[in-house]
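Engineer: In full-length UniProt numbering, the protein residues as written are 1 to 143.
Backbone N, C-alpha and C fix where the C-beta goes; we use that ideal spot for every residue, glycine too.
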Amino acid sequence: MQSLSKENIAHLKEVVLLSEGVQHLISKDMEELLRIAAADKREELKIFSGEVVRFGNRCKDPQWHNLDRYFEKLGSELTPQKQLKEEADTVMQQLMTLVQYTAELYHELHALDRFEQDYRRKLQEEDNSNAAQRGNLCLHFHL
1 MQSLSKENIA HLKEVVLLSE GVQHLISKDM EELLRIAAAD KREELKIFSG
51 EVVRFGNRCK DPQWHNLDRY FEKLGSELTP QKQLKEEADT VMQQLMTLVQ
101 YTAELYHELH ALDRFEQDYR RKLQEEDNSN AAQRGNLCLH FHL
């Protein structure tokens with residue numbers, strides 16, 4: 001639990017997350033980096049609580065048995081509003097990115113359709129021109 005001390009959190013924000021390696025390899029977005037770090041801490045806590053449950057179930061005193069139910073109940077009751085908002089914001093950003101990509105794709109498909117129509121029109125004009133020239137040649141031979 002020492003890793004969650006104010007000093008360690010300050011070190012994480014001021015040194016680790018601002019390091020060139022983290023910024024280059026993972027992200028420059030501080031909020032995203034903090035979300036990743038928080039997810040890692042939640043995973044560590046989940047593993048730790050699993051060990052507590054395991055040892056509790058082996059304990060001779062039955063009051064320590066089935067701590068998993070207690071942790072489950074505790075976890076379901078405590079979903080912070082801020083966390084829900086952050087998750088919703090993240091999903092919303094991803095959706096907005098997909099909307100932008102879809103709009104760009106639609107624009108490019110529309111341009112491709114126009115090019116295809118122009119190409120077909122040019123082919124048709126060329127075919128008509130060749131047919132007219134062949135018709136003129138035939139007239140000259142018959143005269």
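Return the Cβ separation of V53 and D40 in integer angstroms, given the expectation that the two are a contact with Cβ distance under 8 Å.
Structural biologist: That pair is no contact at about 20 Å.
Engineer: I'd like the list of long-range same chain contacts for A37, defined as Cβ closer than 8 Å, with 5 residues on each side in sequence excluded.
Structural biologist: Only L12 and L17 meet the Cβ criterion.
Engineer: Less than 8 Å between the CB atoms is what I'm expecting for E116 and R35, so what's the real figure, rounded?
Structural biologist: Actually they do not touch by this definition, with Cβ atoms about 44 Å apart.
Engineer: Suppose you measure from the CA of E51 to the CA of P80; what does that come to, to the nearest Å?
Structural biologist: Going by the C-alpha atoms only, they are around 24 Å apart.
Engineer: Below 7 Å CB to CB, which residues in the same chain sit around F48 once its five sequence neighbours on both sides are set aside?
Structural biologist: So the list is empty, once near-sequence residues are dropped.
Engineer: Give the DSSP-derived three-state secondary structure of H24 in the structure shown.
Structural biologist: Of the three classes helix, strand and coil, the one that applies to H24 here is helix, per DSSP.
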